[in-house]
Amino acid sequence: MSITITPNAAGSPEVNMANGNAAQVFDLLGLEFDGDWGNTTGPDFLGRVLLALALLDTTTDVEGRPEVVDGRWTEGGRRPGYLAERLTQLHDLALWAVEHDADVEWH
1 MSITITPNAA GSPEVNMANG NAAQVFDLLG LEFDGDWGNT TGPDFLGRVL
51 LALALLDTTT DVEGRPEVVD GRWTEGGRRP GYLAERLTQL HDLALWAVEH
101 DADVEWH
């Protein structure tokens with residue numbers, strides 16, 4: 001399953017990621033993520049992304065995350081730098097939302 005984050009306006013950009021990765025990104029943004037949907041204002045989302053980017057040394061995920069296999073369940077790994085890359089994409093999305101007076105939603 002995956003989550004798409006997008007401003008609620010026509011022609012808006014979107015960022016899509018797996019639920020597990022989205023949960024970690026939402027944690028960095030200080031947003032509650034229940035795997036379903038939610039929304040916030042463009043300025044609020046931008047502020048949260050800027051704060052997470054300011055703490056980039058703790059969010060770069062330099063080591064990545066190794067793949068874990070437990071029985072028949074496999075949880076995919078994450079390449080080094082993934083979180084910083086996603087925060088940069090979300091920064092662009094948040095700027096677009098603010099410039100177009102749009103809220104940001106995820107589903």
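Residue 105 in the UniProt record's numbering sits at position 105 of the sequence shown, with consecutive numbering throughout.
Ideal Cβ placement from N, Cα and C applies to all residues, glycine included.
What residues match up with residue i in a beta bridge as DSSP calls it?
i   : result
N39 : E105
P7  : V104
A18 : S2
Quick check: what's the CA-CA separation for residue i versus residue j?
i    : j   : result
M1   : F26 : 16 Å
E14  : T6  : 4 Å
T4   : A54 : 24 Å
D101 : R78 : 33 Å
Tell whether a beta-carbon distance below 7 Å holds between residue i and residue j.
i    : j    : result
D103 : N16  : no
A84  : L56  : yes
N39  : E105 : yes
G42  : A97  : yes
Could you tell me which of the options sits nearest to residue i, measuring between CA atoms?
i   : options       : result
G81 : S12, N21, A10 : N21
Please decide whether residue i counts as near chain C, where near means a Cβ-Cβ distance under 7 Å.
i  : result
P7 : Protein chain content of the structure displayed is limited to a single chain, and chain C is not contained in it.
- Task: Mind the definition here: the segment 76-94 touches the segment 30-41 only if three or more C-beta pairs lie below 8 Å; say whether that holds.
- Result: The segment 76-94 is not in contact with the segment 30-41.
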